[in-house]
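Below is one structure, written out as structure tokens; the observations come after it.
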Amino acid sequence: RPTVLPRGYRPGGPSVQGVNYEVEKVTAYEVGSKNRFFDNRLQVNLAAYLNDYPNFQNEATLYGASNLQISTIVGIPARFKGLEIEAVWAITPNDRLDVSTSFSEAKYISNGLVTDLSGNTATVTTDEGRVPHAPGTIATVGYSHDFALSDGGRLSAAISSSYRSKQYIAFNSCLYDANGCTSGLTVGRLTQGAYNLVDVALTYTPASKPFSISVYGRNVTDEVYKTGNDGTLAFLGAPATYGVILRANY
């Protein structure tokens, strides 16, 4: 199923620092296939894509005179391309396996420009490097099993594991220009290594289905990982989290 999306749009405007940023547009191409096997018990979907951004908007930390930090939005040409694979297998009426993976390359294809309200411009060096928050590999595996109870209700147990490869966690001059690493900032501080998150859940649904109650755990291994960096501080992802969800049907 070939698909072309000739128009994707995000408006531009002035940032809080008085630096204008332009409209973001994208031309997106995708081709894929959806397939069912074994009496529809196995579904496998494949997709390849290419997204071209003449002016990809980035929340950026740049450095001006006297190492002054400037937080702004800067548009830089970028290209995203990759392959996605998804599979859902109904192993038995009570067992289900979900697997998905994506392999991608997201890179800048040239340097960018920032323009202030006075019309002055400056070059933002990217060295055709990787776009932040775009790991090369993402893979998720999930398994669930339904237990039939004597009262006619159902108890569902699920576990999933999600892997992300190494990635940059912020756009910063330091990543693409050695002269931009100031005040002790390093590429390592702006990078998150590969990590894996494990989630679990147990859900009870009575026979009449007026409600369901779930007990869940997210990031149960308490993985410590970074999600961002403003040039001074790193932001961490959620730690091990547990909770209860009650849903009512009416």
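Quick note: the sequence shown uses the numbering used here, first residue 9, plus one each step.
Even for Gly, the Cβ is constructed at its ideal location relative to N, Cα and C.
The C-beta of Ala178 has 16 or more other C-beta atoms within 10 Å across all chains shown, which makes the residue buried.
Taking every protein chain shown into account, the CB of Leu183 has 16 or more other CB atoms within 10 angstroms, so this residue is buried. If you draw a straight line from the Cα of Val228 to the Cα of Gln200, it comes to about 19 Å. For the stretch 163 to 217, the full-length beta strand (DSSP E) segments reaching 3 residues or more read 203 to 213 along the chain. Short of 7 Å from the beta carbon of Ile99, and not among the five residues preceding or following it, lie these beta carbons of its own chain, in chain order: Leu105. DSSP lists Ile93 and Ala147 as the bridge partner or partners of Thr109.
Contact between the stretch 110 to 123 and the stretch 149 to 169 is absent: fewer than 3 CB-CB pairs across the two stretches fall below 8 Å. The DSSP-derived three-state label of Leu50 is strand.
Leaving aside the five residues that flank Thr235 on each side, the residues in its chain whose CB is nearer than 8 Å to its CB run, in chain order, Ile177, Gln200, Phe243, Leu244 and Gly245. Ser118 sits exposed, since fewer than 16 C-beta atoms from the chains shown fall within 10 Å of its C-beta.
Taking the Cα positions, Val208 is about 18 Å away from Val96. By alpha-carbon distance to Ala68, the top candidate from Gln175, Leu254 and Asn237 is Asn237. Looking from the CA of Thr131, the closest CA among Ser181, Leu91, Thr35 and Lys217 belongs to Ser181. Judged by DSSP in its simplified three-state form, Ser220 adopts strand. Note that the C-beta distance between Tyr57 and Gly83 is not below 8 Å. A distance below 7 Å between beta-carbons, with the five flanking residues on each side excluded, links Gly144 to the following residues of its chain, in chain order: Phe111, Ser112, Glu113 and Ser173.
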